[in-house]
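Asker: Heads up: the protein sequence lines correspond to chains A and B, in order. full-length UniProt numbering applies: residue 1 is where the first sequence begins, and numbers increase by one. full-length UniProt numbering applies: residue 1 is where the second sequence begins, and numbers increase by one. Cβ coordinates follow ideal geometry from the N, Cα and C atoms, glycine included.
Number of protein chains: 2
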Amino acid sequence: MNTLVKRSDVAKLAGVSEATVSRVLNNVGPIREETKNKVLQAAKALNYQPNSIAQCFARGKSGNIGVIVPSFPKVHMLSTYYFSEILSGIGRRLGESNYSLLLVFQPPDQPKNYVQLFQSQKIDGCIILGAKNHESDKEALIHLHHLDLPFIVVNQTYLDYPFHTIDAEHYEGSYKAVSYLINKGFRNIAFVNGSNDFSNSSERFAAYKDALKKAGIEPMENWIFQGNYSRSSGIKIAKEIAPLIPQLDAIFAANDRMAIGLMQGLSELGYKVGKDFALIGYDDSDIASMVNPPLTSVKVPLFDMGKIAAEKIIQMLNHEITEQIHIRLPVTLKERASCCKQIT
Amino acid sequence: MNTLVKRSDVAKLAGVSEATVSRVLNNVGPIREETKNKVLQAAKALNYQPNSIAQCFARGKSGNIGVIVPSFPKVHMLSTYYFSEILSGIGRRLGESNYSLLLVFQPPDQPKNYVQLFQSQKIDGCIILGAKNHESDKEALIHLHHLDLPFIVVNQTYLDYPFHTIDAEHYEGSYKAVSYLINKGFRNIAFVNGSNDFSNSSERFAAYKDALKKAGIEPMENWIFQGNYSRSSGIKIAKEIAPLIPQLDAIFAANDRMAIGLMQGLSELGYKVGKDFALIGYDDSDIASMVNPPLTSVKVPLFDMGKIAAEKIIQMLNHEITEQIHIRLPVTLKERASCCKQIT
């Protein structure tokens, strides 16, 4: 039933050989104008679509940009604001190009054989999301780098390696958030961080300590908590934080999902955001403005980070990049109603 | 710098021709055991990865499943719960297979040339999201169908065409939602639907009317509103609904995003969910449990719909499907605190 038009059909209608059809359509070798016109007319009449795989094969290209997304058995990773926004940004830019977006799901416990994606010509370039400080991540990236394969890492910075990266000003954003709380008169500020496997977690932690110290406040070891950027980890930490609430003024959470987990967990234990404690989230995800009270948060331009990553990969493939890319986009504080505490 | 191993390198090390390497690795033609071992050992020593494009080209396959996602200039489509969940489900199943996921962004005003994706061998099969009742959508699908190309439509049913579809029981879900409100004693129930371009919108509308009629309530023309499934359309409709609130008991919204827009818009006008009116959403997105009061909603198994769509496409490509697929998954009502109204 499948009646796709083949090169041989064009050759037959034009009355030439298949090789001639190829030469005309790939624009190689000397061809008489008359022959060329016959082939082009036949191709048009039959609505012949040159086989892009064959073309890519001839060029050694797939026409695809791979996007690596970490994949965990029970987590709907693409349903998180963080990944979906970056992916939307990548898709927006690739949609304007001739490249297609190939999603590659990477389970954390599987070998990160990104080079094979190039070797098997599945992709021409690669955007890596969710990369960590782990040895296995670094080795995989070093391998790509040594082979001079085009790739860029989003939202993760490796200080000791010259990888191309698109990141955001997480130190500055976190410093701003904590200073904002201090300026509101809060001095007893807890911090709920994500995993230290990410450079942005370490940057937030450094900024938290620095902002407190700048204000003459000594960071308290037992006011620092670590979740895994999920809402459930926020709910879990709420139980640990609850006994401290009478002393605490405010909590700075390293993303909105954990902040909302804290809101919900503490609410169940009788403590209300904006009344018993102030709360700042991070990312400024769409939920931040939907919860009650709306959540003050640090806006990270995730969509733009994805868009720029795609732009830079396209430039690499066009050989327009000569120096290491290390872009860090600015972040901004979005003030909402969650940063109050009733004075008792 | 790019030191990818080529077929010629394997041939050289094994001391055979490139054609022999191909025959061994593709397992075609008669080959002496000794030659075969030499080639395999050389391939192993060099860590040679057979070129998957070349393999696919030989087989006429790309190894990719295309997923069509509608793309609008200002909307981050993948960041909506609806699309990201379906995509997560598709990704989960494809991640367990040898197929890769090729994302195809389809602007609504551009020709829907899905056949070309097959002709140019970008994809072997296709999952279509966001398809409408429009002529241009139907024509594109009829074209695929006539060419016997493997595709499946998610969450859209065409009664007059024998397309493979994965859908959900939207009539039953909506009937359940409206009946639930009636059983709570509410009789004055408004309905905020999405676009009638989608079969699920029409199903919800039919169920809304039927459930009311079953209870002896005549549907009121001016209590039926139409948004576009976005939060901003909910906020906009809030202004139209506000003057009716004193008479209205409850609102049934065709998705959670519009329901949350209604909550926010009506809250700004002084009307509170769970106090001045009851509210039911649809989809049971992650936000439903995060808003205050938490939103009663109809849970649609979007992740599973994506997973099954991928499963069925793989079966089609394995020639394991002989009959039309028309699966409709059940939906369930998730009761939360938004379905109260204070009796005054």
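Apart from the five residues on each side of it in sequence, which residues of its chain come closer than 8 Å, Cβ to Cβ, to SER233(A)?
Answerer: The residue labelled residue 233(A) in the question sits at position 233 within the first sequence. Excluding positions up to five away in sequence, the list reads GLY227, MET258 and GLY261.
Asker: How about LEU101(A): is its C-beta nearer than 7 Å to some C-beta of chain B?
Answerer: Locating residue 101(A) in the first sequence gives position 101, where the first residue counts as 1. So yes, LEU101(A) belongs to the interface.
Asker: Among LEU302(B), LEU13(B), GLN324(B) and ASP9(B), which has the Cα closest to the Cα of ASP167(B)?
Answerer: Reading the second sequence from its first residue, position 167 is the one you call residue 167(B). If we check each option's Cα against that of ASP167(B), LEU302(B) comes out closest.
Asker: Going along the segment 290-322 of chain B in order, which residues come within less than 7 Å of chain A, judged by CB to CB distance?
Answerer: The segment 290-322 of chain B vs chain A, Cβ under 7 Å: MET290, VAL291, ASN292 and PHE303.
Asker: List the residues of chain A that ASP77(B) touches, going by C-beta distances under 8 Å, in chain order.
Answerer: In the second sequence, counting from the first residue as 1, residue 77(B) sits at position 77. Per the sequence shown, residue 77(B) should be read as Met rather than Asp. Per Cβ cutoff of 8 Å: SER88.
Asker: With a CB to CB cut of under 6 Å and the five nearest residues on each side skipped, what residues in its chain are close to ARG187(B)?
Answerer: As a first step, residue 187(B) is located in the second sequence; it is residue number 187 there, counting from the start. Excluding residues within five positions, the ones whose Cβ falls inside 6 Å are ILE217.
Asker: By DSSP's criteria, GLN226(A) is part of a beta bridge. Which residues make up the other side?
Answerer: Here the question's residue 226(A) lines up with position 226 in the first sequence. The partner list for GLN226(A) (beta bridge, DSSP) reads ASN193(A).
Asker: Terminal residues of the continuous alpha helix (DSSP H) containing ILE241(B)?
Answerer: Taking the second sequence and counting its residues from 1, one reaches residue 241(B) at position 241. Its alpha helix (DSSP H) spans residues 231-241.
Asker: Taking Cβ-Cβ distances shorter than 7 Å, what residues in chain A pair up with TYR81(B)?
Answerer: Residue 81(B) sits at position 81 when you count from the first residue of the second sequence. Near TYR81(B) (Cβ distances below 7 Å), the residues of chain A are SER79.
Asker: Starting from the Cα of LYS239(B), find the closest Cα among PHE225(B), PRO111(B), GLU33(B) and ALA250(B) and give me that residue.
Answerer: Here residue 239(B) refers to the residue found at position 239 when the second sequence is read from its first residue. Ranking PHE225(B), PRO111(B), GLU33(B) and ALA250(B) by Cα distance to LYS239(B) puts PHE225(B) first.
Asker: Give me the subset of the segment 225-249 of chain B whose CB atoms are less than 9 Å from a CB atom of chain A, sorted by chain position.
Answerer: Listed by position, the residues of the segment 225-249 of chain B near chain A (Cβ gap below 9 Å) are ARG231.
Asker: On a Cα-Cα basis, can you pick out the residue from ASN47(B), ALA254(B), VAL69(B) and VAL300(B) that is closest to SER195(B)?
Answerer: As a first step, residue 195(B) must be located in the second sequence, where it is residue number 195. It is ALA254(B).
Asker: Any heavy atom of the ligand MG closer than 6 Å to the CB of GLY173(B)?
Answerer: This structure simply doesn't include the ligand MG, nor any ligand for that matter.
Asker: Can you check whether the C-beta of GLY91(B) is within less than 7 Å of a C-beta belonging to chain A?
Answerer: If you number the second sequence from 1, residue 91(B) lands on position 91. Closer than 7 Å: yes.
Asker: Just verifying my parser: in three-state terms, what is the DSSP assignment at VAL39(B)?
Answerer: Along the second sequence, read from residue 1 onward, the residue named residue 39(B) stands at position 39. Helix.
Asker: Given a cut-off of 7 Å on the beta-carbon distance, is the pair LEU95(A) and PHE105(B) in contact?
Answerer: Taking the first sequence and counting its residues from 1, one reaches residue 95(A) at position 95. Taking the second sequence and counting its residues from 1, one reaches residue 105(B) at position 105. Residue identity check: residue 95(A) is Gly in the sequence provided, not Leu. Yes, the Cβ-Cβ distance between GLY95(A) and PHE105(B) is below 7 Å.
Asker: Going by DSSP, name the residue or residues bridged to TYR282(A).
Answerer: Within the first sequence, numbered from 1, the residue matching residue 282(A) stands at position 282. Paired residues: VAL298(A).
Asker: Which ranges does the alpha helix (DSSP H) cover as unbroken runs of at least 4 residues, wholly within the segment 170-214 of chain B, from first to last along the chain?
Answerer: Correct list: 170-183 and 199-214.
Asker: How should TYR81(B) be labelled, buried or exposed, when 16 other C-beta atoms within 10 angstroms of its C-beta is the threshold for buried?
Answerer: On the second sequence, position 81 is the one that residue 81(B) refers to. TYR81(B) should be labelled buried.
Asker: Out of curiosity, what's the CA-to-CA distance linking GLY185(A) and ARG336(A)?
Answerer: Along the first sequence, read from residue 1 onward, the residue named residue 185(A) stands at position 185. Along the first sequence, read from residue 1 onward, the residue named residue 336(A) stands at position 336. In a straight line, the C-alpha of GLY185(A) is about 17 Å away from that of ARG336(A).
Asker: Under 9 Å, CB to CB, which of the residues in the segment 144-163 of chain A have a partner in chain B?
Answerer: Against chain B - using a Cβ distance shorter than 9 Å - the residues of the segment 144-163 of chain A are HIS146, LEU147, ASP148 and LEU149.
Asker: Return yes when the Cβ of VAL39(A) is within less than 7 Å of the Cβ of ALA14(A), no when it is not.
Answerer: Working through the first sequence from its first residue, we reach residue 14(A) at position 14. Working through the first sequence from its first residue, we reach residue 39(A) at position 39. Yes. Within cutoff.
Asker: Which residue's Cα is closest to the Cα of residue 367(B): GLY91(B), ASN37(B) and ALA43(B)?
Answerer: Only positions 1 to 344 of chain B appear in the structure, and residue 367(B) is not among them; the question remains open.
Asker: Tell me, please, whether the CB atom of GLU18(A) is closer than 7 Å to any CB atom in chain B?
Answerer: As a working mapping, residue 18(A) is identified with position 18 in the first sequence. Taking Cβ atoms only, chain B never reaches closer than 7 Å to GLU18(A), which makes this a no.
Asker: Could you give the distance in angstroms between the alpha-carbon of VAL273(A) and the alpha-carbon of SER285(A)?
Answerer: In the first sequence, residue 273(A) corresponds to position 273, counting from 1. In the first sequence, residue 285(A) corresponds to position 285, counting from 1. Taking the straight line joining both Cα atoms gives about 18 Å.
Asker: Check for me: the beta strand (DSSP E) holding HIS326(A) runs from which residue to which?
Answerer: Here residue 326(A) refers to the residue found at position 326 of the first sequence. First-last of the beta strand (DSSP E) with HIS326(A): 326-329.
Asker: Could you pull the DSSP bridge partners for LEU102(B) from this structure?
Answerer: The residue labelled residue 102(B) in the question sits at position 102 within the second sequence. According to DSSP, which records beta bridges pairwise, LEU102(B) is partnered with LEU102(A) and GLY66(B).
Asker: Which partner residues of ILE251(B) appear in the DSSP bridge assignment?
Answerer: Along the second sequence, read from residue 1 onward, the residue named residue 251(B) stands at position 251. In DSSP, ILE251(B) forms a bridge with ALA190(B) and LEU279(B).
Asker: Over the uninterrupted beta strand (DSSP E) stretch that includes PHE151(B), give me the two end residues.
Answerer: As a first step, residue 151(B) is located in the second sequence; it is residue number 151 there, counting from the start. PHE151(B) -> beta strand (DSSP E) spans 151-154.
Asker: Residues of the segment 270-287 of chain A in Cβ contact with chain B at a cutoff of 8 Å, in chain order, please.
Answerer: Per Cβ criterion, the list reads ASP286 and ILE287.
Asker: Following the continuous beta strand (DSSP E) through ASP167(A), name the residue where it begins and the one where it ends.
Answerer: Start at 1 with the first residue of the first sequence, and residue 167(A) comes out as number 167. Counting along the chain, the beta strand (DSSP E) containing ASP167(A) begins and ends at 165-168.
Asker: Is there a C-beta anywhere in chain B that falls below 7 Å from the one on PHE72(A)?
Answerer: As a first step, residue 72(A) must be located in the first sequence, where it is residue number 72. No, PHE72(A) does not count as interfacial toward chain B.
Asker: What's the call for ASP276(A), buried or exposed, on a 16-neighbour Cβ count within 10 Å?
Answerer: The residue given as residue 276(A) occupies position 276 in the first sequence. By the 10 Å Cβ count, ASP276(A) comes out buried.
Asker: Is it buried or exposed for LEU149(B), if we count other Cβ within 10 angstroms and need 16 for buried?
Answerer: Position 149 of the second sequence holds residue 149(B). It is buried - the Cβ of LEU149(B) has at least 16 other Cβ atoms within 10 Å.
Asker: So, for ALA43(A): in the same chain, excluding its five sequence neighbours on each side, which residues have a beta-carbon less than 6 Å away from its beta-carbon?
Answerer: Taking the first residue of the first sequence as position 1, residue 43(A) is located at position 43. Excluding positions up to five away in sequence, the list reads VAL10.
Asker: Have a look at ASN183(A), TYR229(A), ILE127(A) and SER97(A) and flag the residue whose alpha-carbon is nearest the alpha-carbon of PHE198(A).
Answerer: What you label residue 198(A) is simply residue 198 of the first sequence in a count that begins at 1. That would be TYR229(A), whose Cα lies nearest to the Cα of PHE198(A).
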